[in-house]
Every structure is written in C-alpha cells, then in structure tokens.
Ligand SMILES: [Fe+2]
Ligand SMILES: [Fe+2]
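Next up, the structure:
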C-alpha cells in the first residue's frame with residue numbers, strides 16, 4: 004500500500020456511492036438517496052482531511068507542477084466543502100437538495116479524475132516509493148482516528164468476499180483489481 008493506491012481506492016469507493024446515488028435518483032428512491040448521501044459526505048470529509056493534513060503538505064514541494072496542481076486541488080476541496088455546508092441548509096431529499104448533490108458529485112468526479120490523471124503521476128515521478136508507503140501508513144491511521152474504516156478492517160476477507168462487497172458497492176473497475184486493491188477499496192461495514 005502506498006499513498007496513491009490508498010487515495011485512488013478512496014476515489015473508487017466514492018465513485019461507487021455516486022453511482023448508487025444516481026441509480027436511486029433515477030428510480031425516485033429518496034430514503035436510499037438520503038442514506039447514500041450521508042455516506043458520501045462522511046467519505047469526502049475524511050478523504051479531504053487526510054489529503055490536506057498529510058498528503059498535500061508532504062508532496063507539494065515535489066515539483067512546480069505538483070505545487071500548482073495541489074493549490075488547484077485545495078480550491079476544489081473548498082468548493083466541495085461549501086456545497087456540503089449548503090446541502091445541510093436545504094430540505095433533505097427536496098429539489099434543491101438533489102440539485103446540490105448533483106453538483107457535488109460532478110465537481111468531485113472532476114477533481115478525482117484530475118488528481119489521478121495529472122497530480123498523482125507527477126507525484127509518483129518525484130517522490131520515492133518508501134516515502135509514499137510511509138504516507139499511506141500515516142493516512143490509514145488518521146482515518147481510524149476520524150472514525151473511518153482502515154486497511155485492518157478488511158484483512159480477513161477472502162477475495163470472493165471482497166468481490167461480493169465490491170459488487171454490492173458498485174465499485175468501478177473491481178473485476179481488474181487484485182486482492183490488495185479490493186481490500187483497500189471496499190467498505191467493510
Ligand atoms: Fe483531493
Ligand atoms: Fe483525492
């Protein structure tokens with residue numbers, strides 16, 4: 004496990020939640036939308052926290068390009084946080100709430116894509132593997148402190164169990180993942 008595989012696993016778990024939210028919206032299942040949206044907000048809060056507290060500061064000096072991409076990333080996090088705050092001010096499940104959720108999903112999809120396409124490869128080029136591994140350990144521990152599942156919570160699951168959960172959680176790319184990637188990506192709860 005290194006920092007980039009951990010963060011990418013977070014992205015794919017959230018993408019699964021996004022697709023479950025969209026499916027619930029299309030079939031007018033408001034209780035599911037509310038339940039999934041709570042998970043989305045919790046995931047995004049933990050993920051932006053570990054990036055901002057640990058990953059971004061530790062990598063932002065990697066190169067000028069990385070520095071610039073991280074500054075852009077921080078602005079995108081700020082936008083997402085503002086939208087999440089606004090979400091709590093409108094009637095849950097109402098029209099405005101759905102519109103805000105849709106914009107949150109679109110902007111986070113864009114942000115995660117940019118991290119994976121531009122930021123992470125630039126960081127991998129400039130930061131040593133052992134440093135990225137040490138950052139993963141730190142971020143994993145911080146997730147635990149924040150009340151989120153950690154890598155320890157899935158170590159006992161078999162590949163079949165992991166794949167079953169990945170299917171239930173609509174995780175994209177699951178059939179091409181190895182056991183380690185699956186274990187980092189699925190929500191054990
Ligand atoms: Fe981010
Ligand atoms: Fe991210």
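In this note's numbering, the protein residues as written are 4 to 192.
In this text, a Cβ means the ideal position worked out from N, Cα and C, and glycines have one as well.
In the three-state DSSP reduction, residue 178 falls in the helix class (H, G or I).
Residue 142 is a Cβ neighbour of residue 57, given a cutoff of 7 angstroms. Taking the Cα positions, residue 78 is about 11 angstroms away from residue 71.
Look at residue 146 here: in three-state DSSP terms it is helix. Secondary structure at residue 132: helix, using DSSP grouped into helix, strand and coil.
Comparing C-alpha distances from residue 28 to each of 110, 16, 98 shows the shortest one belongs to 98.
Within the chosen limit of 6 angstroms, ligand 1 reaches the beta carbon of residue 54 through at least one heavy atom. 48 is the residue among 60, 48, 69 whose C-alpha sits nearest the C-alpha of residue 83. Of 35, 64, 101, the smallest CA-CA separation from residue 125 is found for 64. For a cut-off of 8 angstroms, the C-beta gap from residue 185 to residue 177 is around 7 angstroms, short enough to register as a contact.
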